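Inspection log for the structure reproduced underneath, given as structure tokens.
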Amino acid sequence: MTMQAIVDLVAICAKKGIRHAILSPGSRCAPLTLAFARNPEIQTRTISDERSAAFIALGMAQQLKQPVVLVCTSGSAALNYFPAVSEAFFQEIPLLILTADRPPEWIDQWDGQTIHQTKVYGKHVKESFDFPDSFEHQDQLWFAQRIVNEAINLSISGPKGPVHINIPLREPFYPKKGESFYASADLPIIQVREGKRNLSHEDLDDLKSKLNAFKKILIVPGQQNPDPTISELLQKLSEVQHLVVVADTISNHQISGSVTLHDHWIGNEPISKDLVPDLVISFGKSVISKSLKLFLRKNEVEHWHIQAHQGLRDPFQGLTEFLDCDAIFFLKWLSEQGFSSDKAFQEKWSGLEDKVNKSLFNLLDQEDFGEYPAFKKVLENIPANSQIQVANSMAVRYLNFLGKRPQEIYCNRGTSGIDGSNSTAVGAAWVNDGFVTLITGDLAFFYDRNAFWNNYPTPNLRIILLNNHAGGIFRLIEGPSQQPELEEYFETDQTLDASYLAKEQGFDYALARDSEELEAYLQDFFKESSQPKILEIESISRENAQIISRIKKRIAQELLRS
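Residue numbers (our numbering): 499 to 1060.
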């Protein structure tokens, strides 16, 4: 009966539209593995490293916007999922996590591969369920089927996110030769249908009366997937009603006329003193720019946040209105109100954007070879239809420094850790037909090298590796940069390069140490191939920090002169 419940679990997944599962080898999870592998409607892949497996599933679900299943054996395997589970939770990415477990009577009895797995992910999943550990009564099978329905529905209901089912399994784990492997007839399928979240007429009338008091309005879209309707509404609000749209690269809403180079001046008191808004309207998740967050906090700006589910988010410490509705609904309503923000205020922001845009790229072309100028050159060569997956630390900051991008941008900014960037990009590449370009630093890259330890082709993956043989971001942070322990304990000096990994995996590989080599290798880098390609850009951490400092200083001087 236990095997029947597992077969039914998988069949319910298939009937509810799940099409991908990432499995990690193990014995306790064998019933789950066999049930998924033998279901023709679900594509399964096996990844030995559970930490990497979970980020790969995250990358797939991020693109598909549908749950991807994770299956692992009991014990520490489940703990290795935790970094990706927490990232999925804060990015609101749906995952269905199935962890095989020992029966409850064997927990804490020195039995092999046994830990406390019930609710092991704590607050980092939307819900955690315990599967029945026996099926002596028909109601237990009904209960198991209900759990699977509820778990999948929760993962895709707003906000989306990871859901965990812990599954105690007793031996035997393997069906006998000739044993039936078919799902039960008439499996219950429970659908959830969510409507759009709107505000009442009374609330809208109240908000409209309050809008009249504001003349300097900022709209800040946080991290989110691209949405043409939202971009069109932001464009209208910017052009017709003169609202200032300040958009990080991970917002995927860098419209024509939006402010994207704000990190070059925001927070510089003489330059930004006339840029204080009286209202900021935000939607989406996190923003990259620490300078923007500090600027809004310091000036105690009133803040309205649009979020179609519960949970107050107040990153600017000025939240006064929590708008429990869909962003499209509110932005459309806002565009129909006939009010206008201060055009002169908008022109101050756009004027600074234009000045930086004219000077930044010329300054980079005049600089010595290093990560910042190399990053600019790389971006000029990435096809517009390639997705960009960017690692945390300096990689995502360089991308944000360089302004508006035509590509879709994805980054693990839920927890903002360096782990899992390679694996997320691999997962994204598996479910995309076009190029997926990963831009990463050396520590993030080597930390997650098991992303490539699998037997599945990824010919559309391109990797730009910025290798300064250290954690270069610590030279830009005032605290660690002033310490004598900087190089050993913060930068974590390392001598690795990617040539051996490329040879092991059969990847195309090139190493660029100057501008001429970089330009030469970029010419063919995005041509189709039968295997992934790595372009490693080697530089010196100390010199990279100096380049950033010079560029920042020169731009500030030009803005103050004008």
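Ideal Cβ positions, reconstructed from N, Cα and C, are used throughout, including at glycine. Model, not experiment: these values are computed from the prediction.
{"query": "Alpha carbon of LEU792 to alpha carbon of ASP628, nearest angstrom", "result": "43 angstroms"}
{"query": "Under the three-state DSSP convention, the category SER493 falls into", "result": "This structure does not reach residue 493, given that the chain is present from 499 up to 1060, and the question cannot be answered."}
{"query": "Secondary structure, beta strand (DSSP E): runs of 3+ residues fully inside the stretch 555–585", "result": "566–570"}
{"query": "Validate contact between the stretch 1000–1020 and the stretch 932–946 using beta carbons, cut 8 angstroms, 3 pairs", "result": "no"}
{"query": "Own chain partners of ILE804 with C-beta closer than 6 angstroms, once the 5 adjacent residues on each side are dropped", "result": "PHE781, LEU821, ALA825, PHE828"}
{"query": "Whether VAL718 touches VAL744 by CB criterion (8 angstroms)", "result": "yes"}
{"query": "DSSP three-state assignment for GLY915, whether helix, strand or coil", "result": "coil"}
{"query": "Reduced DSSP category for LYS1031 - H, G, I as helix; E, B as strand; rest coil", "result": "strand"}
{"query": "Spatially closest choice to ILE1035 from VAL508, ASN965, SER1027, by CA coordinates", "result": "ASN965"}
{"query": "Cβ-Cβ distance between SER655 and GLU692 below 8 angstroms", "result": "yes"}
{"query": "CB contact flag (HIS751, ILE728, <8 angstroms)", "result": "yes"}
{"query": "Euclidean distance between Cα positions of ARG600 and ILE504", "result": "15 angstroms"}
{"query": "Beta carbon of LEU1058 nearer than 8 angstroms to that of ILE769", "result": "yes"}
{"query": "Segment contact flag, the stretch 750–764 with the stretch 695–708, C-beta cutoff 8 angstroms, min 3 pairs", "result": "no"}
{"query": "Inter-stretch contact (C-beta, 8 angstroms, three-pair minimum) for the stretch 615–630 and the stretch 539–550", "result": "no"}
{"query": "6 angstroms Cβ shell around ALA927 - same chain, five flanking residues per side excluded", "result": "VAL934, THR956, ASN958, LEU959"}
{"query": "TYR870 versus LEU532 - alpha carbon distance", "result": "49 angstroms"}
{"query": "Per-residue burial, PRO630 [other beta carbons within 10 Å of its own, 16 or more giving buried]", "result": "buried"}
{"query": "Residues bridged to PHE781 (per DSSP)", "result": "PRO719, ILE804"}
{"query": "Three or more C-beta pairs below 8 angstroms linking the stretch 557–564 and the stretch 577–595", "result": "yes"}
{"query": "Exposed unless 16 or more other CB atoms sit within 10 angstroms - verdict on PRO497", "result": "Nothing about residue 497 can be reported from this structure: the residues present for the chain run from 499 to 1060 only."}
{"query": "Neighbourhood of SER525 by C-beta distance below 8 angstroms, restricted to the same chain and skipping five residues each side", "result": "THR571, PHE671"}
{"query": "Pair within 8 angstroms by beta-carbon distance, VAL742 and TRP847", "result": "yes"}
{"query": "Candidates LEU709, ALA893, GLU603, ALA968: closest to GLN835 by CA position", "result": "LEU709"}
{"query": "Proximity winner among HIS635, ILE645, GLU634, ASP637, relative to SER626 (alpha-carbon distances)", "result": "ILE645"}
{"query": "Residues near TRP604 by beta carbon distance below 8 angstroms, same chain, minus five either side", "result": "THR612"}
{"query": "Alpha-carbon to alpha-carbon, LEU810 and GLU800", "result": "15 angstroms"}
{"query": "CB contact flag (ILE540, ILE516, <8 angstroms)", "result": "yes"}
{"query": "Pairwise C-alpha distance: ASP1006 and SER1039", "result": "26 angstroms"}
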